[in-house]
Amino acid sequence: MEENEKLFDEQHPSTIFDKSKYTFTRAEKSEIDTYNVIIKLGKIADVAIRNMLNSMVLPRVGVRQSPDNAVLYDAGEGNFTVWTPKEWCDACKIRRATHFEKTNQLCEVCWAQVKPDSASETPASEEPKKTDSAK
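Residue numbers (the numbering used here): 17 to 151.
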């Protein structure tokens with residue numbers, strides 16, 4: 017609520033809008049609480065549908081699971097549309113390739129694991145000199 021209120025405050029500055037707070041009646045609050053439960057159940061149902069799509073429906077039509085897939089379904093029409101990456105990561109084979117080299121193409125995650133990290137590597141010419149502490 018506080019996060020939403022801050023957003024509303026930003027969108028409705030006090031120089032232009034008056035801000036007032038009120039309370040619901042018991043009957044209003046009861047009805048709103050019921051609708052909130054329905055909203056939460058709807059979110060749970062949406063997760064269940066997406067899990068079913070990912071575990072049963074997409075494999076049936078030969079679509080590999082990927083966090084980069086997008087699925088839009090229409091239960092009323094009985095169909096669904098799937099957007100899948102055209103280029104896949106050569107290393108993990110489950111994410112969209114975003115870094116293309118001559119020999120391979122990698123996703124962000126795999127690229128982060130293999131890219132040269134110049135900040136953590138010290139060039140040989142800059143290695144610390146060894147000192148003889150026995151002098």
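Even glycine gets a Cβ: it sits at the ideal position worked out from N, Cα and C.
- In chain order, 88 place their CB closer than 6 Å to the CB of residue 97, counting only its own chain and leaving out the 5 sequence neighbours on each side.
- In the structure shown, residue 116 falls within a strand segment according to DSSP collapsed to helix, strand and coil.
- In the DSSP annotation of this structure, residue 69 is not part of any beta strand (DSSP E), being labelled neither H nor E.
- Partner residues in the beta bridge of residue 89, as assigned by DSSP, are 96.
- If you check the CB distance, residue 115 and residue 104 do not come in under 8 Å.
- In the DSSP assignment, residue 34 falls outside any alpha helix (DSSP H), carrying neither H nor E.
- Rounded to whole angstroms, the gap between the alpha carbons of residue 54 and residue 63 is 14 Å.
- Under the three-state reduction of DSSP, residue 81 is assigned to coil, being neither helix nor strand.
- Here residue 99 has 86 as same chain residues with Cβ atoms under 6 Å from its own Cβ, once five neighbours each way along the sequence are excluded.
- About 7 Å separates the Cβ atoms of residue 110 and residue 80, confirming a contact at the 8 Å cut-off.
- Put simply, the backbone Cα of residue 36 is about 28 Å away from that of residue 56.
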